[in-house]
Amino acid sequence: MLLLQVDMAFLIEKILLITVILFGSLGIAMYATWGERKVAAVMQDRLGPDRAGPFGLLQPLADGLKLFMKEEIIPDRSTKFLFILGPCLSMLTALMTSAIVPWGPDFVAASGHIFTLQVADINIGVLYVFGVVSLGVYGIMLGGWASNNKFSLLSSIRSASQAISYELPMGISLIALLMMTGTLSLREIVQQQHGFWADGYFSWNFFKQPLGFIIFLTCSFAELNRAPFDLPECESELNMGYHQEYSSMKLGFYLFAEYINLFVSSAILITLFFGGYNFPFMDQVATGLNSPILFTLICVLAFMTKVICMILFFMFVRWTLPRFRFDQLMKLGWKSLIPLALVNMLITAAVILLFFNKP
Amino acid sequence: MGIYDIAFWILTVIAIGCALGVILSRNPINSVLFLIATFFAISGHYLLLNAQFLAIVNIIVYAGAIMVLFLFVIMLMNLNADVEPQKGRLVQLAGVVSGGALLLVLLAALRTAKYPTLESTPNEIGLIQNLGKVLFTQYVLPFEISSVLFLSAMIGAIVIGKKEDSTHSA
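Encoded structure:
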């Protein structure tokens, strides 16, 4: 059977790449917690963590150690298996999406071997993201239900209904984008946004689909359970949210999965709308440098810079906007975002049909 | 036995085992979880058939949306093994009889059925480009009619929801 032949060199290359991406996302998520606290501190005119190491840079390590050392408590009346499965699923789905992000362009080594900085280029790329996102809610739902606590249950049901409601406008806003790109593969979508300026217009999708981007961004806030849509962990109503009964590293997993989600969804947003690893004048830089490895590194650096800007944007919003009420959240999703996304899709379709219809 | 066959057998065992788990487990939550695992195994089979689009749509629609709603309803009603209503003897007997009749029909149908073997050449129909082209040219009428069916189901759901709302407020 030719469909699944194992090639050792290929396998080792991919395993290396997966390991680097895994630890990279964990590291960035760790420092995102530090960044969040620093951003909050700056915006509230405080200092933030500054005791552990220079600028408090060792604070995430101290936090992690603390969570590991805490006593592990599993509530007596909980469903034990699901109680443990909940945080595991959260972590798993958070890490799974990074498999299809193209982190940088291919580079050809001196031996002629082509290295791709993407774990898997599947031809259903964007749909894979949706599949994983739609599974992400299970971790929260199962954990919340298994805790056998009314607040946890309420919070997990909130989270599920929020995720289902916002998946629809998210999908519809992406349809408009996909009609333009004509492909689902994230790698091709990035390649189409080459450089910054092409054929008399910006090449990044943000400039072609501004409304689609705003809808997608709003939905990502809701899918990430981040303020202003962090109703599943709304302290004023639900004590703490779906992870109320959790302690020790299981709680750590839930909190950490959120930051990994933040990082990965920023990466997806950048890939879809802000040109991925492309940057202005990249062709000139490539010919000027004449070193494919260095060029690839610069591309990865450009990508990471954009991703970090996106994460910072998410944080600024969190510490700026107050929390919505749950009925307002639902009204926004069903009565504003879905019609808006549909209109955006229709306009995009009409424009493509009238002006870009290549027979 | 190549890696393809190994993957096929592992997926098959998971699919059948989890499908049995759905009907054998007492707790409705466990049933739902087994059903989700079954959907994943079936998606794996789609992948082996090179039908990536079907595989991911199966996960998005069934595992990601419909099963979340199932879980939702079960959690809200807080169904448990001990609150499950016990069925009477007569109902149990009726169940056995109808199940046996179904088995008979299936056996009769399967006895004469032909089993076409899977072609070993990679088949591209499950990829999204080909599927889209086929759906929007050859099968465009059934496709549109089924979309009208879904629309009517959606409108029906809204009508039912509205009705309940008006009686509450009145």
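Residue numbers (my numbering), protein chains in the order written: chain A, 1 to 359; chain B, 1001 to 1170. Beta carbons are placed, not taken as given, at the ideal position from N, Cα and C, and that holds for glycine. Small disclaimer: the values here were computed from a predicted structure and weren't measured.
Cα-Cα separation, residue 291(A) to residue 1045(B): 43 Å
Other residues of its chain near residue 378(A): CB distance less than 6 Å, five sequence neighbours each side excluded: Summary: the structure shown does not reach residue 378(A), with chain A confined to residues 1 through 359, and so no result is reported for it.
Rounded straight-line distance, which links the Cα of residue 135(A) to that of residue 65(A): 29 Å
Interface flag, residue 128(A) vs chain B, CB-CB below 7 Å: yes
Cut-off 8 Å between Cβ atoms - residues of its own chain near residue 145(A), not counting five sequence neighbours on either side: 79, 82, 152, 153 and 156
Test: residue 1024(B) CB closer than 7 Å to a CB of chain A: no
Proximal residues to residue 1063(B) (C-beta, below 7 Å), its chain only, five neighbours per side dropped: 1036, 1039 and 1040
Simplified DSSP state of residue 174(A), which is helix, strand or coil: helix
CB contact check: residue 137(A) to chain B, cutoff 7 Å: yes
Contact residues within the stretch 1056 to 1069 of chain B, judged by C-beta distance below 8 Å to chain A: 1056, 1057, 1059, 1060, 1063, 1064, 1065, 1068 and 1069
Chain A contact for residue 1169(B) (CB, 7 Å cutoff): Residue placement at residue 1169(B) is poorly supported in this model, since its pLDDT is 48, which falls under 50; the coordinates are not used for a value here.
Reduced DSSP category for residue 160(A) - H, G, I as helix; E, B as strand; rest coil: helix
Assigned secondary structure, residue 2(A) (DSSP; H/G/I helix, E/B strand, else coil): Any reading at residue 2(A) must be qualified, since the residue scores a pLDDT of 47, below 50, and its modelled position is unreliable; no value is offered.
Closest by C-alpha distance to residue 307(A), when choosing among 333(A), 259(A), 332(A) and 327(A): 259(A)
Neighbour list for residue 372(A) in chain B, Cβ cutoff strictly below 7 Å: Here chain A covers residues 1 to 359 and nothing more, so residue 372(A) does not appear.
DSSP three-state assignment for residue 212(A), whether helix, strand or coil: helix
Proximal residues to residue 195(A) (C-beta, below 7 Å), its chain only, five neighbours per side dropped: 203, 278, 280, 282 and 283
Closest Cα partner of residue 1130(B) within the set 1048(B), 1054(B) and 1016(B): 1054(B)
Beta carbon proximity, residue 1135(B) to chain A, threshold 7 Å: no
Member of 257(A), 355(A) and 349(A) whose CA lies at the smallest distance from the CA of residue 139(A): 257(A)
Contact between the stretch 1006 to 1022 of chain B and the stretch 331 to 347 of chain A (3+ Cβ pairs under 8 Å): no
Exposed unless 16 or more other CB atoms sit within 10 angstroms - verdict on residue 225(A): buried
Inter-residue Cα distance where the pair is residue 1(A) and residue 1042(B): For residue 1(A), the predicted model reports a pLDDT of 42, less than 50, meaning its position is unreliable; a value from the coordinates is still stated below. The straight-line gap from Cα to Cα measures roughly 20 Å.
Any chain B beta carbon closer than 7 Å to residue 179(A): no
Same chain, Cβ closer than 7 Å to residue 1031(B), five either side skipped, listed in chain order: 1022 and 1025
Residue 117(A): first and last residue of the uninterrupted beta strand (DSSP E) it sits in: 114 to 117
Residue 7(A), buried or exposed, once every other Cβ within 10 Å from all chains shown has been counted against 16: exposed
Whether residue 245(A) touches residue 159(A) by CB criterion (7 Å): no
Residues of the stretch 152 to 182 of chain A with Cβ closer than 7 Å to any Cβ of chain B, in chain order: 153, 157, 160 and 164
Proximity below 7 Å, CB of residue 287(A) to CB of residue 105(A): no
Touch test, the stretch 336 to 350 of chain A against the stretch 211 to 222 of chain A, Cβ-Cβ under 8 Å, three pairs minimum: yes
Near-chain B residues of the stretch 259 to 270 of chain A (beta-carbon distance less than 9 Å), N- to C-terminal order: none
Beta strand (DSSP E) segment containing residue 87(A), residue limits: Run containing residue 87(A): none in the beta strand (DSSP E); it sits in the alpha helix (DSSP H), 80 to 96.
Burial state of residue 98(A) (16 or more Cβ within 10 Å): buried
Contact between the stretch 37 to 56 of chain A and the stretch 311 to 329 of chain A (3+ Cβ pairs under 8 Å): yes
Helix, strand or coil at residue 54(A) according to DSSP, with G and I counted as helix: helix
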